[in-house]
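Worksheet: one structure, shown below.
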Amino acid sequence: RAEQQRNEALLNAEELTRAFKRYKEKMTEKLEKVRAEEVVLGKRFINCEKEKEKLNEKCVSYRKDLDILEEQLRQLKEENSRTKEEIKTLQAKNIEMASMLTRSDQKVIELENELREKERVLQAKNALVSENAELRALTAEQQTRLKSCHRETEDSREELNILETIISQLSLSTSEELEWHHLKHQLSSSSTKEVLSESCESNKPLIADLSIELAMKEAEIQKPCASLAVCNGAAHLSNDNEGQENSGLCGLEMEPVKLIRSQEERRKCQQLALISKQFEKERQRFRKEIKALRTKLTKADDENSSLKSSMAQRASQFQVIQEDLLKKASKTSSLEREV
């Protein structure tokens with residue numbers, strides 16, 4: 001029985017030794033695994049420290065970049081506000097230039113209307129001047145014709161007076177001869193009377209012709225006088241349109257007045273020509289001013305469009321910078337969480 005107990009104790013001791021060996025082997029394996037894991041963890045810790053330093057450096061650089069971007073954003077905001085103010089001032093200038101352009105257009109239209117009115121008045125004046133010149137030429141022609149008719153009538157009257165004196169002298173001479181030789185020449189008296197009657201009869205057609213010619217000359221004289229009166233009436237009407245009235249017949253005494261009128265008309269025409277030239281100069285000047293204003297307006301529009309395009313570009317840049325900042329902020333927050 002004691003041996004059996006001893007054998008059982010030996011068996012138990014052997015089992016315990018085997019179990020202890022197995023436990024020891026397991027513990028050594030676990031210890032080796034723990035040591036290996038410790039080495040790996042040490043390496044990982046070193047790598048983590050290195051990565052942490054790198055991430056800290058990146059975080060510092062990102063913070064610097066963020067500060068720079070914030071400064072750029074602030075500058076862009078200031079530039080944006082300045083460009084907005086410039087756009088407002090340019091818009092105000094544009095409105096002012098547009099109002100000036102409309103005013104200048106209205107003034108140009110008024111000046112053009114006034115110039116057209118002056119041109120119409122000048123054309124009417126020139127027409128009246130030409131008509132007056134034609135009437136003066138016609139009156140001069142009528143005056144020359146009247147003078148020639150007067151000369152012809154005077155000549156015809158002188159001829160008629162000469163013939164009348166001749167006829168009276170012939171009749172006186174024949175009557176005296178009849179009285180002196182009445183008794184002596186009774187037979188010849190009849191023949192003398194016949195001769196006298198024949199001479200009187202022969203002179204009567206000549207006297208009738210001369211009287212008819214004289215009446216025709218007087219009628220011709222009356223015709224130029226009537227036409228001359230009509231011409232004078234037309235000249236008076238044309239001079240009434242200019243504000244100068246005349247009352248009188250045409251003649252040599254009216255020539256200085258006509259010359260004075262022609263000088264006044266010439267002076268008025270010269271004044272109207274100077275006024276038209278001044279209006280043309282003013283018109284050209286206003287056209288140049290309108291052209292300059294239009295060029296300024298186009299320049300302002302171009303500047304406005306360029307400012308709008310630059311603002312759009314800066315807004316797009318600002319959006320891109322904001323997106324970059326958001327990305328970098330998300331990266332830094334994720335890195336901080338990892339650290």
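Take 1 as the starting number for the sequence shown in the UniProt record's numbering and just add one per residue. All residues carry an ideal CB built from backbone N, CA and C; glycine is no exception. Treat the numbers as computed from the prediction; the structure is a model and nothing was measured.
Alpha-carbon spacing of residue i relative to residue j, whole angstroms
i           : j      : result
Phe20       : Glu38  : 26 Å
Thr102      : Leu128 : 38 Å
Gln313      : Val108 : 42 Å
Thr139      : Cys149 : 15 Å
Gly42       : Ser330 : 30 Å
Lys58       : Lys84  : 37 Å
Glu134      : Lys291 : 46 Å
Glu3        : Asn12  : 14 Å
Ala9        : Met27  : 26 Å
Lys327      : Lys52  : 20 Å
Lys64       : Glu70  : 10 Å
Gln75       : Ser81  : 10 Å
Lys88       : Glu79  : 14 Å
Arg287      : Glu141 : 50 Å
Asn94       : Asp301 : 8 Å
Val60       : Ile68  : 12 Å
Glu323      : Ser309 : 21 Å
Gln5        : Tyr23  : 26 Å
Leu162      : Asp155 : The sequence as given places Ile at residue 162; Leu does not occur at that position. Answer to the nearest angstrom: the Cα atoms are 10 Å apart.
Leu16       : Asn56  : 56 Å
Gln319      : Val40  : 46 Å
Gln143      : Leu122 : 30 Å
residue 342 : Ile46  : With the chain represented from 1 up to 339, any question about residue 342 goes unanswered, as that position is not in the structure.
Leu73       : Leu66  : 10 Å
Glu14       : Arg35  : 31 Å
Tyr62       : Glu29  : 47 Å
Ser316      : Lys77  : 13 Å
Glu119      : Ser99  : 30 Å
Arg44       : Arg18  : 38 Å
DSSP three-state assignment for residue i, whether helix, strand or coil
i      : result
Leu252 : Since pLDDT at Leu252 reaches only 38, below the 50 mark, its modelled position is unreliable, and the value read off the structure follows with that caveat. Looking at Leu252 - three-state DSSP - the assignment turns out to be helix.
Leu228 : Its pLDDT being 44, under 50, Leu228 is placed unreliably by the model, and the measurement read from it follows with that caveat. If DSSP states are grouped into helix, strand and coil, Leu228 belongs with the helices.
Assumed close pair residue i, residue j - CB separation to whole angstroms, cut-off 8 Å
i      : j      : result
Glu303 : Leu90  : 6 Å
Met97  : Lys296 : 6 Å
Ser130 : Glu289 : Not quite, the Cβ-Cβ distance comes to about 37 Å (not below 8 Å), so this is no contact.
Residue i Cβ short of 6 Å to the ligand FAD heavy atom set
i     : result
Glu37 : As far as ligands go, the structure on display features none, and thus does not contain the ligand FAD.
Just list the beta strand (DSSP E) runs in the segment 23 to 48, keeping only unbroken ones of 3 residues or longer that don't cross its boundaries, in chain order.
none
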